[in-house]
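Novice: For reference, the structure I am asking about is given below.
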Amino acid sequence: MRTILGLGLVVLVGCSSGGSGGTGGGGTGGGALPEAVCTPGTRWASGTPAFEDLTASVGLEGVQGTRIQAVDFDGDGWTDLLVRRGGAAVDDFGQVPACCADASCAMGTSCTLRHTWLLRNDGTGKFVDVTEASGIVATRGDGGGKGRPNTVWAFADVDNDGDLDAYSGLAEPANAPQTETSELLLGNGDGTFALGPAVTALRIEKADGPAAAAFVDYDRNGAIDLYLPQSLGNRPRQERLLWGDQTGAFQDVTLSVGLATKAWPGEPNHGGFAKVEDLDAARGDATAWGGAACDLDGDGDAELLAASYGRSPNHLWHAEHTDDAWSFSNQSVESGYAFDERVDWSDNESARCWCKLHPTDEDCAGVPEPKFIPCTKDADAFRWNHAFDRRPFRLGGNSGSTICGDVDNDGDVDLLTSEIVHWDVGASSDPSELLFNDGGSKLHFSRPGNDATGLVRERDPGWNDGDITGALFDFDNDGLLDVVVNSTDYPGTRLWLYHNEGGGKFAPVPFADGIDHRRSHGIAVADFDRDGDLDVVVGASMARCGGNDGKDCNPDAQVRFFSNTLASAGNWVQLALEGAPGSNRAAIGARVTVEASDGQKQVRFVDGGHGHYGQQDDLVVHVGLGAACQAKVTVRWPDRALTEQSFEVVSGYRFRVVQGSEPVVVTSARGR
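The sequence shown begins at 3 in this note's numbering and counts up one residue at a time.
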């Protein structure tokens, strides 16, 4: 039964003042709340389909990519998409291969040279390609009219003028001259973009290697800053923190705020080489594949996280400040984020082979012989260096992304990590898993393991987990964050959706009920059709799609749109926040606490970008309310005073909240 009272279901499209909530439309605000759109609530149960593939009907046929962002770039209240293919191709508007005309191309050939798609949600259920017209891939040099290369994106209102701006990061090409650089694209307020300042620390012409981007106001001065974990050709590099001056220009403050790390031996020296002890303590450069900025200890200051590839330590930088001076301390190891505590390498097939061939080497006594690989020469120990691979810095994971979210509703922000793990390496290689925030006086995360949490999966012999991207979101509006792990690049890999059962326990959602997508890579989550539930867009990788490894590859990297069919019948509330002077206008870093009338309390925050080479979910905060129809919301704004604002909301509405003002409800363009 669904009860709709009073004004009916009304959803924000914006207000006349513009800003991060959008423009246009009218609404109600101040005074009495509308009547709730109230239902008994929804909760997924096995056998209940939750998603429907609507890729063709929403106009996404032909759009290919592995990296995806959900962002309302034009501020009209409808969430748009940015989709990119891997690599840094520049032929965005060039000619497709001739073999595409008669379908004679070899498998894996791309019949589109497009690298970047900016897709406007037109509010009628369609996405429209506006890439070229928007100017978002404009070149500073000649560019041949084909678009600017790019590898990483993130969105925020950098100049606080009420519309979103975009960071377009570019890693230095390995074997090609670099004519373009990373750029800031400033929004013009009409859905178009213009190149930002030419003189800025954001534009590095050489040795730039952004592997992720997170907009964050680390010093809470109201101007957005930018955190850039780096790697270059999967080699370790110093992370960067850029301080924004609210004009679109940035200064590099990496060293002055304490983020300095040491170069690995054999890498370019930038202030000292790391010793083995430094590497064990996560004081060497990160080989970043992802990043995040989120307040992990609840004090209002964002911690910085770099997810590191190559089984090297992840980095966690704890934010600290005295008066108006902010700095960061390296708490990677003591927080439990750098790597897990599984250090028994004796089940590693290559290590077993080495010890079989060198039984008198240190620690080799008692190590079993390999079971599955031939072992007659040193080269057969193909993943093992006995001098270093027993050290803590080599017993971590191949981390792709870290996603922040309170999965157990205890008020502390937990972490989901995604990891590549190979069958032969053994239990010492960190798996994709949940890290639960202990919530004590000292920041620390516990890893109960996937057997305990239920994040398990079926595996074929010779398996490889190609987990690189993921997401935390409440797909059934029951008030608990569910888990997506995207696995790609290897036979049998696919998207895995897990339902949060409560109490730190999760249940796999059958493919027939959830999202059946092979070689899944890249994900964006938003209520794209504004019906009160969260939809999902996923990409696909074509890596390793030759020979036997490609037997279950998708024909191309077509993105797929999965519309949520379950939760729109449930109770929910959405909050589009806009910061006042003193806070950044897009409210990135705002902490939202929602206490439902049935006592359930949830914590959410506004994300400025995270994940593997750029991932970002909608800036609108979506909260499922379970069976409750009313809730108290407290917003802690990201200003120096950490100003708090509390108000009541009811289910079935999107509220626009300008800092210091009454929440406003604006009617839906669809009249719902």
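Cβ atoms here follow ideal geometry from the backbone N, Cα and C, with glycine treated the same way.
Would you call residue 305 buried or exposed, if buried means 16 or more other Cβ atoms sit within 10 Å of its Cβ?
Specialist: buried
Novice: Within the same chain, show all residues whose beta-carbon is closer than 7 Å to that of residue 352, passing over the 5 residues directly before and after it, in chain order.
Specialist: Taken in chain order, the residues that qualify are 383, 384, 385, 386, 426.
Novice: Distance check for residue 366 and residue 529, CA to CA, integer angstroms please.
Specialist: 55 Å
Novice: Please give the ranges of any alpha helix (DSSP H) in the region 255-291, keeping only runs that are unbroken, at least 4 residues long and fully inside the region.
Specialist: Segments of the alpha helix (DSSP H) lying fully in the region 255-291: 278-282.
Novice: Is DSSP giving residue 522 helix, strand or coil here?
Specialist: strand
Novice: Below 8 Å on the Cβ atoms is my contact criterion, and I expect residue 1 with residue 569 to pass it. Report the Cβ-Cβ distance as a whole number of Å.
Specialist: Any property of residue 1 remains undetermined from this structure, which presents the chain solely from 3 to 674.
Novice: Do you know how far the Cα of residue 449 is from the Cα of residue 380?
Specialist: 35 Å
Novice: Terminal residues of the continuous alpha helix (DSSP H) containing residue 354?
Specialist: 351-359
Novice: Can you tell me whether residue 156 is helix, strand or coil according to DSSP?
Specialist: strand
Novice: Tell me the rounded alpha-carbon separation between residue 201 and residue 357.
Specialist: 56 Å
Novice: Among 663, 645, 633, whose alpha-carbon lies nearest the alpha-carbon of residue 675?
Specialist: Lying outside 3 to 674, the shown extent of the chain, residue 675 is not represented and no answer is given.
Novice: Take every Cβ of the region 438-457, pair it with every Cβ of the region 616-627, and state whether three or more of those distances are shorter than 8 Å.
Specialist: Put simply, the region 438-457 does not touch the region 616-627. Fewer than three CB pairs are less than 8 Å apart.
Novice: Counting only the same chain and skipping the five closest in sequence on each side, list residues whose C-beta sits under 8 Å from that of residue 553.
Specialist: So the list reads 493, once near-sequence residues are dropped.
Novice: Looking at residue 331 and the ligand NAP, is the gap between the Cβ and the nearest heavy atom below 7 Å?
Specialist: As far as ligands go, the structure on display features none, and thus does not contain the ligand NAP.
Novice: State the start and end residues of the unbroken beta strand (DSSP E) segment that holds residue 636.
Specialist: 632-638
Novice: Nearest to residue 43 by alpha carbon, out of 61, 653, 667?
Specialist: 653
Novice: Using a 10 Å radius around the Cβ and a threshold of 16 neighbouring Cβ atoms, would you call residue 270 buried or exposed?
Specialist: exposed
Novice: For residue 420, which three-state DSSP category applies?
Specialist: strand
Novice: Just how far apart, CA to CA, sit residue 475 and residue 512?
Specialist: So the two alpha carbons sit approximately 17 Å from each other.
Novice: Do you know whose CA, among 438, 283, 596, lies nearest residue 607's CA?
Specialist: 596
Novice: Give a yes or no on whether the C-beta atoms belonging to residue 630 and residue 566 are separated by under 8 Å.
Specialist: Not in contact: residue 630 and residue 566 (Cβ atoms no closer than 8 Å).
Novice: For residue 348 and residue 431, what's the separation of their Cα atoms in angstroms?
Specialist: Near 12 Å, if we compare the C-alpha coordinates of residue 431 and residue 348.
Novice: Below 7 Å CB to CB, which residues in the same chain sit around residue 346 once its five sequence neighbours on both sides are set aside?
Specialist: The residues 429, 430, in chain order, have a CB closer than 7 Å to that of residue 346 in the same chain once the five nearest residues on each side in sequence are set aside.
Novice: Could you tell me if residue 159 is buried or exposed, where buried requires 16 or more neighbouring beta carbons within 10 angstroms of its beta carbon?
Specialist: buried
Novice: Does the beta-carbon of residue 404 have 16 or more other beta-carbons within 10 angstroms, so that it is buried, or is it exposed?
Specialist: With 16 or more other Cβ atoms within 10 Å, it is buried.
Novice: Bridge partners of residue 603, per DSSP?
Specialist: 597
Novice: Note down the Cα distance separating residue 59 from residue 127, rounded to an integer number of angstroms.
Specialist: 8 Å
Novice: What three-state label does DSSP hand residue 510 in the structure shown?
Specialist: strand
Novice: For residue 264 versus residue 286, is the C-beta distance shorter than 8 Å?
Specialist: yes
Novice: With DSSP as the reference, label residue 670 as helix, strand or coil.
Specialist: Caution is warranted here: a pLDDT of 43 is assigned to residue 670, below 50, making its placement in the model unreliable, and no coordinate value can be reported.
Novice: Express the C-alpha separation of residue 582 and residue 228 in angstroms, rounding to a whole number.
Specialist: 20 Å
Novice: Return the residue from the list 666, 34, 225 that minimises the CA-CA distance to residue 164.
Specialist: 225
Novice: Is the region 495-512 touching the region 38-57, taking contact as three or more C-beta pairs under 8 Å?
Specialist: yes
Novice: Tell me the DSSP secondary structure of residue 541 in three-state form.
Specialist: The three-state reading of DSSP puts residue 541 in strand, counting E and B together.
Novice: How far does the beta strand (DSSP E) with residue 55 in it reach, from first residue to last?
Specialist: 53-55
Novice: With residue 466 as the anchor, note down where its beta strand (DSSP E) starts and where it stops.
Specialist: Here the beta strand (DSSP E) through residue 466 covers 466-475.
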